[in-house]
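A.B. asks: Quick one: this structure, given as structure tokens, is what I'll be asking you about.
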Amino acid sequence: ALAALAALAVTAAAKTGRAPQPPLEAAAPPAGATPAVLMDALDAALARVRAAKQRLQDTMARQDAQRARILGLLASTEKREAALSYERSLRTPDLQQQARHAGDMWASLARARALYFSCYALERTPYWTTQYLSLGVVLRGGGQLGSDAEAPGRDSAALWGSAEVQALHDAANGSPQARSWALGNLIELYLLAPAISGLAARKTPWGQLAAAPARVLVDNAAEGAFEVFSTRRQVQRYRGWYANLAANVLPEAVLAAADAVLAVLPAQAPTPWHYGTG
2 ALAALAALAV TAAAKTGRAP QPPLEAAAPP AGATPAVLMD ALDAALARVR AAKQRLQDTM
62 ARQDAQRARI LGLLASTEKR EAALSYERSL RTPDLQQQAR HAGDMWASLA RARALYFSCY
122 ALERTPYWTT QYLSLGVVLR GGGQLGSDAE APGRDSAALW GSAEVQALHD AANGSPQARS
182 WALGNLIELY LLAPAISGLA ARKTPWGQLA AAPARVLVDN AAEGAFEVFS TRRQVQRYRG
242 WYANLAANVL PEAVLAAADA VLAVLPAQAP TPWHYGTG
């Protein structure tokens with residue numbers, strides 16, 4: 002669990018240009034662990050995630066110039082806390098405990114969404130916008146957004162259009178790293194499009210639009226590039242965790258677009274080939 006938190010921190014750091022902190026280490030539960038052992042491991046991981054949040058908040062108090070980047074790491078950490086709460090809800094037979102863990106998960110996702118909007122308010126980059134829209138789609142699908150979700154300045158269709166324009170420019174004109182992250186943003190924006198009310202239809206299906214930058218990302222990235230597998234992990238959330246949160250959380254068109262992208266992005270880095278091994 003903590004390894005995944007480290008990956009989230011590295012992802013956010015790479016997209017914002019901030020060097021990641023050393024990864025948090027946690028011993029994996031032994032194979033065949035009992036439910037009680039698994040819950041203990043999840044509880045320990047959750048405690049460490051919350052401690053990491055506190056350290057980030059303390060750092061922000063001392064490094065106000067890095068506020069947007071630290072807020073982004075906090076948002077990623079909130080998502081990790083949400084994932085742990087979800088796992089806890091699956092592993093307890095007590096209905097009241099299940100409901101409490103599910104409530105904790107939704108609250109963490111809502112905090113992450115708010116943090117991403119704070120990042121966007123400080124730093125108008127398409128990554129922050131895309132993550133804000135992503136969590137908005139999930140929370141809306143789970144019936145967790147209030148009537149003010151589309152208040153002036155937060156209109157999903159307008160934010161989506163702005164993020165697409167920025168990402169298209171970055172994909173065409175940015176540095177190699179900026180182009181890679183822009184392609185990842187475009188993948189996710191097109192994947193989310195069927196769930197964004199008010200977007201004009203395109204001649205090309207959204208799934209095809211999402212798969213196109215995925216092919217460019219794979220073709221242009223170095224072998225085993227972090228950004229490729231980071232993007233795949235992000236897309237897998239739609240087919241796994243997000244899709245299972247509640248019935249019909251995500252439209253079928255979103256799931257189909259996720260499948261189209263996952264068919265393009267490699268599942269794992271290729272095994273190194275050495276002369277003489279065949």
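If you count the sequence shown from 1, you need to add 1 to reach this note's numbering. For glycine and all other residues, C-beta sits at the position ideal for the given N, C-alpha and C.
(1) How would you call Lys204, buried or exposed, if buried means at least 16 neighbouring beta carbons within 10 angstroms?
(2) Nearest to Arg81 by alpha carbon, out of Glu224, Tyr128, Arg114 and Arg68?
(3) Distance, Cα to Cα, Arg180 vs Arg51?
(4) Would you grab the beta carbon distance between Tyr168 and Ala211 for me? Rounded to a whole angstrom, and I think it's under 8 angstroms.
(5) In the DSSP assignment, find the alpha helix (DSSP H) that holds Leu193 and state where it starts and stops.
(6) From Ala37 to Leu74, what does the alpha carbon distance come to, in whole angstroms?
(7) Alpha carbon to alpha carbon, how far is Leu91 from Glu1? Give it in angstroms, no decimals.
(8) May I have the straight-line CA-CA distance separating His170 from Ala201, to the nearest angstrom?
(9) DSSP three-state label for Trp242, please.
(10) Should Ala194 and Val262 be called a contact, given that it needs their Cβ atoms to be closer than 8 angstroms?
(11) Please classify Thr130 as buried or exposed, where buried requires at least 16 other C-beta atoms within 10 Å of its C-beta.
(12) Tell me which residues share the same chain as Leu43 and place their Cβ nearer than 8 angstroms to its Cβ, disregarding the 5 neighbours each side in the sequence.
(13) Please state the DSSP three-state secondary structure of Asn249.
(14) Residues in its own chain within less than 7 angstroms of Ala111 by CB, not counting five upstream and five downstream?
(15) Taking the alpha helix (DSSP H) that Val265 falls in, what are its first and last residues?
(16) Pick out whichever of Thr60, Val219, Pro206 and Leu57 has its Cα sitting closest to the Cα of Gly185.
(17) Look at the alpha carbon of Pro94 and the alpha carbon of Gly208, and state the distance between them as a whole number of angstroms.
(18) Can you have a look at Gly241 and say buried or exposed, based on whether 16 or more other CB atoms are within 10 angstroms of its CB?
(19) Determine the extent of the alpha helix (DSSP H) in which Asp41 is found, giving its start and end residues.
(20) With DSSP collapsed to three states, give me the class of Gln145.
(21) Quick check: what's the CA-CA separation for Asp149 versus Ile188?
(22) State yes or no: is the C-beta of Leu246 within less than 8 angstroms of the C-beta of Ala196?
(23) Looking at the secondary structure, which residues open and close the alpha helix (DSSP H) in which Arg112 lies?
(24) Does DSSP put Lys204 in a helix, a strand or coil?
C.D. replies: Concretely, from the data shown:
(1) exposed
(2) Arg114
(3) 33 angstroms
(4) Residue 168 is actually Ala in this sequence, not Tyr. With a Cβ gap of about 12 angstroms, Ala168 and Ala211 do not count as contacting.
(5) Pro177 to Leu193
(6) 30 angstroms
(7) The displayed coordinates of the chain run from 2 to 279. Any statement about residue 1 would go beyond what the structure contains.
(8) 20 angstroms
(9) coil
(10) no
(11) buried
(12) Ala2, Leu85, Glu88, Arg89 and Arg92
(13) coil
(14) Leu140 and Gln145
(15) Looking at the DSSP string, Val265 is not in any alpha helix (DSSP H), and its letter there is neither H nor E.
(16) Val219
(17) 38 angstroms
(18) exposed
(19) Pro36 to Arg63
(20) coil
(21) 27 angstroms
(22) no
(23) Leu96 to Leu123
(24) coil
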